[in-house]
Amino acid sequence: RPGRWWMLRSRLLFGWSWCAAIVGGALLPAAKTLPASRLTPRVAAARSIISMATTEGASEAAAPEEDTIVQFVVIRKDLLKTLEWPTGSVVAQACHACTAVIWANQQDPCVQEYLSAANVDSMHKVVKECKGETQLLNLAEKLTQDGIVHKLWVEQPENFPTALALKPYPRSQVAPLLKKYNLYK
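When the letters of the sequence shown are read in order and numbered with mature numbering (1 follows the signal peptide of the UniProt record, and there is no 0), they come out as residues -21 to -1, 1 to 164.
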């Protein structure tokens, strides 16, 4: 669905009474554009600026996509289903694991980039589920063997493993290790 930017762009390029459609990221007019003689100077200037920005954006889109830094979290599904924990408590376990692994690795370049001022409002997290304690502990062991930094959150004083969070990594480096786990539902 087109956002405000596309609506503004459509209005500037095609006028209020003209329609436009978004197809594959490109703006396609449903009717001809208004002649330059009917545009106010401000609209003409805006049209020019938008055209330049669109041209620059197209060349950037053609460049290979950067490997996004993402934080993966795995939560035990049995906490909610079998053990009947409140949803808020289960979410808190994931939050504890994420906070702990980021704090412990705050000097890591990937963590610093993930939390940088430029990226803090567009962080990527993928929350997955495992069946229970055994599967969570097996995953923690496998990640340790593979040299993947993570935090297994163990709820205290019960000494009860609940969630696991990886430090932020480039997606391509860790996604294959977690592909067998479903997204948390």
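Quick reminder that beta carbons are idealized off the backbone N, C-alpha and C, glycines included. Everything numeric in this text was worked out from a predicted model, so none of it was measured.
Measuring only from the beta carbon, is A96 closer than 7 Å to any heavy atom that is part of the ligand GTP? For the structure depicted, the ligand GTP is absent and the ligand set is empty, with no information on it obtainable.
Quick one, are the C-beta atoms of V105 and V49 less than 8 Å apart? Walking along the sequence shown from the start, residue 105 turns up at place 126. Walking along the sequence shown from the start, residue 49 turns up at place 70. Yes, they are a contact pair.
Nearest to residue 165 (by Cα), restricted to the options V52, K56, V99, I81: Only positions -21 to 164 of the chain appear in the structure, and residue 165 is not among them; the question remains open.
Please go through the same chain and pick out, in chain order, the residues whose beta-carbon is closer than 8 Å to the beta-carbon of Q124, but skip the five residues on each side of it. Reading the sequence shown from its first residue, position 145 is the one you call residue 124. Once the five neighbours on either side are set aside, Q124 has no close Cβ partner at all.
Inspect the beta-carbon positions of A76 and K121 and report whether they are closer than 8 Å. Here residue 76 corresponds to residue number 97 of the sequence shown, with the count starting at 1. Here residue 121 corresponds to residue number 142 of the sequence shown, with the count starting at 1. Cβ atoms of A76 and K121: not closer than 8 Å.
Can you give me the C-alpha to C-alpha distance between E137 and E45, rounded to a whole angstrom? The residue you call residue 137 lines up with position 158 of the sequence shown. The residue you call residue 45 lines up with position 66 of the sequence shown. C-alpha separation (whole angstroms): 42 Å.
Determine the direct distance from the alpha carbon of L118 to that of I81, and round the result to whole angstroms. Within the sequence shown, numbered from 1, the residue matching residue 81 stands at position 102. Within the sequence shown, numbered from 1, the residue matching residue 118 stands at position 139. Rounded to the nearest angstrom, the gap between the Cα atoms of I81 and L118 is 19 Å.
Residues bridged to I48 [DSSP beta-bridge criterion]: Within the sequence shown, numbered from 1, the residue matching residue 48 stands at position 69. Beta-bridge pairing links I48 to P149.
Looking at the structure shown, is E63 part of a helix, part of a strand, or coil, going by DSSP? Walking along the sequence shown from the start, residue 63 turns up at place 84. Three-state DSSP puts E63 in coil, outside helix and strand.
Would you kindly report the start and end of the unbroken beta strand (DSSP E) that includes E108? One-based indexing of the sequence shown puts residue 108 at position 129. E108 -> beta strand (DSSP E) spans 104 to 109.
Taking the alpha-carbon positions, what's the E63 to N98 distance? Reading the sequence shown from its first residue, position 84 is the one you call residue 63. Reading the sequence shown from its first residue, position 119 is the one you call residue 98. In a straight line, the C-alpha of E63 is about 36 Å away from that of N98.
Can you grab the Cα-Cα spacing for the pair N161 / V52, in whole Å? Taking the first residue of the sequence shown as position 1, residue 161 is located at position 182. Taking the first residue of the sequence shown as position 1, residue 52 is located at position 73. In a straight line, the C-alpha of N161 is about 11 Å away from that of V52.
Runs of alpha helix (DSSP H) wholly within the stretch 119 to 144 (minimum 4 residues, chain order): Correct list: empty.
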